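To start, the structure under review is shown below, and the notes come after it.
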Amino acid sequence: MQHPHSTQSFWLDSTQDSASYPNLISETFNGVSVDVAIVGAGIAGLTTAYQLWKSGKTVAIIDAGAIAAGVSGHTTAKVTSLHQLIYAQLIKDLGEDKARLYAEANQTAVEFVAQLVRTEQIECDFSRQTAYTFAESTDQLQSIQDEVEAAVKLGLPASFVTETSLPFPVAGAIAFDRQAQFHPRRYLAHLAQAIAADINSYVFENSRVLEVNEGDPCQIVTAQGTIHAKDVVVTTNLPFLDQGLFFAKSYAKRSYIIAAPIESDRAPQGMFIGTGEGYRSIRTTPYEDKQLLLIGGEGHKVGSDEATEERFERLENYARSRFGVTEIAYRWSTQDYVSFDKVPYVGKLTPINNHIYVATGFSLWGMTNGTVAGLILSDLILGVENPWASLYDSLRATPFVSPQSLKNNLETGVHWVGDRLKGLQHHSFSDVAAGEGKLVTIDSKKLAAYRDEAGQIHAVSPVCTHLGCIVNWNDAEKSWDCPCHGGRFSCDGKVLHGPPVTDLEAYPVSPVETVSTR
508 MQHPHSTQSF WLDSTQDSAS YPNLISETFN GVSVDVAIVG AGIAGLTTAY
558 QLWKSGKTVA IIDAGAIAAG VSGHTTAKVT SLHQLIYAQL IKDLGEDKAR
608 LYAEANQTAV EFVAQLVRTE QIECDFSRQT AYTFAESTDQ LQSIQDEVEA
658 AVKLGLPASF VTETSLPFPV AGAIAFDRQA QFHPRRYLAH LAQAIAADIN
708 SYVFENSRVL EVNEGDPCQI VTAQGTIHAK DVVVTTNLPF LDQGLFFAKS
758 YAKRSYIIAA PIESDRAPQG MFIGTGEGYR SIRTTPYEDK QLLLIGGEGH
808 KVGSDEATEE RFERLENYAR SRFGVTEIAY RWSTQDYVSF DKVPYVGKLT
858 PINNHIYVAT GFSLWGMTNG TVAGLILSDL ILGVENPWAS LYDSLRATPF
908 VSPQSLKNNL ETGVHWVGDR LKGLQHHSFS DVAAGEGKLV TIDSKKLAAY
958 RDEAGQIHAV SPVCTHLGCI VNWNDAEKSW DCPCHGGRFS CDGKVLHGPP
1008 VTDLEAYPVS PVETVSTR
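In terms of the numbering used here, the sequence shown opens at residue 508 and continues consecutively.
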């Protein structure tokens, strides 16, 4: 069991015995050639790889870390077509036909996962559940009723209810029957193991891809070696390849999850998400002889809040006051990219690319949207017509001029310019307390400095290696986060989350700058 103040995902902690895979060591694998290379081993990448492999293609999966240890290993893992409140808005913004396609795609994803678990006998705590979006106050009730009407019109398994198994009253809720939940890493590890068992296909971990060059064949370049493939799929949450400008067509949103043991007879039945400001996401999963109650929420744009510790505290207080739990076993955070029209971008990287494909912008619902992406991408590469490819098309007209997109891109510009003024008032490492990260200016040079609990200063360049924004400190996870496009770095400047692929430049700190805190 993790200490309450650790930030380890339960999904990762409970699969520490999962199979590991080699990195792309030059002398061993350099020059490997496959039909399709997939960069990013989350649900979108592994679904794509599995579908292509089952169709007879040779594949290579390449990940900068471990299989399913990124966003897919930090999700709430709800497999549902109920995406809080989306269908009434989709009908309004895109029209009923496109909204129906989105509904069909995500409901198909639910059944695809269910069938794969059944036919492949994947042990991943899969269970059918009713999914709910609930309103606690009557002022939010109309949005629930509008969503029920829209969902029913689109053929989804929706109904309006006023009673749930939550230990507090609700004004009303929309319910989707026969949705599902699972253990995401066990599910994805099974797909990876099946592919790795094929002597003509590969799974590589700890191999960060630095560039992809289209050609005949394409080249996938890592620090350890190069792979060749006819087609390349990039499913790295946000593509690290900037040609498609997906960083300008979406924004990074970070959210938080805590997990607490709860007696099975006190655990709510179903999957839940609230409405309005400060909504909470709720589900359970098997845990020893009890259930583990997962509560998520507190979302914000990446890099916009340094006091992230307080967000965990608010979730913990909610769990204790609403569910009577006494122990917080896990807590972690995650992030996803939200597209401006809430529909993911899936397809070619740019109009001039014929062999590089991407998937991004899952808008916090990656378990189904990532599965949909895998089905679309595999069909595109196989030359099979897909009914949802046009809706999800990565090259579709993007609403750059919507109020939301203008606001987010304006904020990016403000950060790029304004954040360069931060830290000018701090001219000494002595301004940085133990456990604190702060922007400082030393000898006219701006630095991102963190002092660990032993008193050691860790100083790096504050300039994000993606597109040059200034990073901000994240106090709960002791990381430097970029407010422009969501890149994240460790306190030592190592890349934690793309789109950057290069570490922050380290600044040498003399021993005299280290002050004992003991």
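Even glycine gets a Cβ: it sits at the ideal position worked out from N, Cα and C. This one's a predicted model, so the numbers in the text were calculated from it and none came from an experiment.
Checklist entry - Can you tell me where the beta strand (DSSP E) with D843 in it begins and where it stops? => result Working through the sequence shown from its first residue, we reach residue 843 at position 336. Counting along the chain, the beta strand (DSSP E) containing D843 begins and ends at 837-846.
Item to check | CB-CB length for I702 against I569, believed under 8 Å | outcome: Taking the sequence shown and counting its residues from 1, one reaches residue 702 at position 195. Taking the sequence shown and counting its residues from 1, one reaches residue 569 at position 62. With a Cβ gap of about 12 Å, I702 and I569 do not count as contacting.
Checklist entry - Looking only at C-alpha atoms, which of F779, E721, K849 sits nearest to I598? => result Taking the sequence shown and counting its residues from 1, the one referred to as residue 598 is at position 91. It is K849 whose Cα lies nearest to the Cα of I598.
Checklist entry - Quick one: what's got a C-beta closer than 7 Å to T743's C-beta in the same chain, skipping five residues either side? => result The count along the sequence shown starts at 1 and reaches residue 743 at position 236. Answer for T743: V546, G547, G1005, listed in chain order.
Checklist entry - Out of F619, D1010, I593, A904, which has the shortest C-alpha to C-alpha gap to R607? => result Locating residue 607 in the sequence shown gives position 100, counting from the first residue. Measuring from the Cα of R607, the nearest candidate turns out to be I593.
Checklist entry - What whole-angstrom Cβ distance do V853 and A880 have, given they're in contact under 8 Å? => result Translated into the one-based positions of the sequence shown, residue 853 becomes position 346. Translated into the one-based positions of the sequence shown, residue 880 becomes position 373. Right, the Cβ-Cβ distance comes to about 5 Å (below 8 Å), so this counts as a contact.
Checklist entry - Any idea what DSSP makes of K561, helix, strand or coil? => result The residue labelled residue 561 in the question sits at position 54 within the sequence shown. K561 falls in the helix class under three-state DSSP.
Next on the checklist: Please return the same chain residues whose Cβ sits closer than 7 Å to the Cβ of L748, not counting the five positions on each side in sequence.
Outcome noted: For the purposes of this step, residue 748 is taken as the residue at position 241 of the sequence shown. Around L748: V719, V741, L856.
Checklist entry - Tell me, which residues are paired with S666 by DSSP? => result Along the sequence shown, read from residue 1 onward, the residue named residue 666 stands at position 159. Bridge partners of S666: A682.
Checklist entry - What residues in its chain sit with their C-beta under 8 Å from that of S527, if we drop five residues either side in the sequence? => result Mapped onto the sequence shown, residue 527 falls at position 20. Closer than 8 Å at the Cβ level, and outside the excluded window around S527, lie A573, E712.
Item to check | Simplified DSSP assignment, three categories, for S885 | outcome: As a first step, residue 885 is located in the sequence shown; it is residue number 378 there, counting from the start. Helix.
Checklist entry - Do A826 and L799 have their C-beta atoms closer together than 8 Å? => result Here residue 826 is taken as the residue at index 319 of the sequence shown, counted from 1. Here residue 799 is taken as the residue at index 292 of the sequence shown, counted from 1. Cβ atoms of A826 and L799: not closer than 8 Å.
Checklist entry - Counting along the chain, where does the alpha helix (DSSP H) carrying R827 start and finish? => result Here residue 827 corresponds to residue number 320 of the sequence shown, with the count starting at 1. Element bounds for R827: 815-830.
Next on the checklist: DSSP has W980 in a bridge; who is on the other side?
Outcome noted: Position 473 of the sequence shown, counted from the first residue, corresponds to residue 980. Paired residues: W987.
Next on the checklist: Taking DSSP's pairing of strands, which residues face N720 in a bridge?
Outcome noted: Residue numbering aside, residue 720 sits at position 213 when the sequence shown is read from its first letter. Answer is Q726, bridged to N720.
Checklist entry - Any heavy atom of the ligand COA closer than 7 Å to the Cβ of R692? => result For the structure depicted, the ligand COA is absent and the ligand set is empty, with no information on it obtainable.
Checklist entry - If you run the structure through DSSP and keep just helix, strand and coil, what is F754? => result Sequence index remark: in the sequence shown, residue 754 carries index 247 (1-based). DSSP places F754 in helix when its eight states are reduced to three.
Checklist entry - To which residues does DSSP link F675 through a beta bridge? => result Position 168 of the sequence shown, counted from the start, is the residue given in the question as residue 675. The partner list for F675 (beta bridge, DSSP) is empty, contrary to what the question assumes.
Checklist entry - Counting along the chain, where does the alpha helix (DSSP H) carrying F517 start and finish? => result Taking the first residue of the sequence shown as position 1, residue 517 is located at position 10. F517 -> alpha helix (DSSP H) spans 517-520.
Next on the checklist: Quick check on Y528: does DSSP put it in helix, strand or coil?
Outcome noted: In the sequence shown, counting from the first residue as 1, residue 528 sits at position 21. Residue state, collapsed to three classes: coil.
Next on the checklist: Please return the same chain residues whose Cβ sits closer than 6 Å to the Cβ of A567, not counting the five positions on each side in sequence.
Outcome noted: Reading the sequence shown from its first residue, position 60 is the one you call residue 567. Hits under 6 Å: V541, A544, Y709, I734.
Checklist entry - With respect to the beta strand (DSSP E) encompassing A866, which residues constitute its N-terminal and C-terminal limits? => result Your numbering for residue 866 matches position 359 in the sequence shown. Taken as a continuous stretch (DSSP letters only), the beta strand (DSSP E) holding A866 covers 863-867.
Item to check | Beta carbon proximity, I780 to chain C, threshold 8 Å | outcome: Reference to chain C is not applicable here, since this structure consists of a single protein chain.
Item to check | Opening and closing residue of the alpha helix (DSSP H) in which H697 lies | outcome: Working through the sequence shown from its first residue, we reach residue 697 at position 190. Run containing H697: 691-703, per the alpha helix (DSSP H) assignment.
Item to check | C-alpha distance - S828 paired with A556, whole-angstrom precision | outcome: Sequence index remark: in the sequence shown, residue 828 carries index 321 (1-based). Sequence index remark: in the sequence shown, residue 556 carries index 49 (1-based). If you take the alpha carbons of S828 and A556, they lie about 44 Å apart.
Checklist entry - Between A678 and E643, which are expected to be in contact by the criterion C-beta below 8 Å, what is the C-beta distance as a whole number of angstroms? => result Numbered from 1 along the sequence shown, position 171 holds the residue referred to as residue 678. Numbered from 1 along the sequence shown, position 136 holds the residue referred to as residue 643. Rounded, the Cβ-Cβ distance is 6 Å, consistent with contact.
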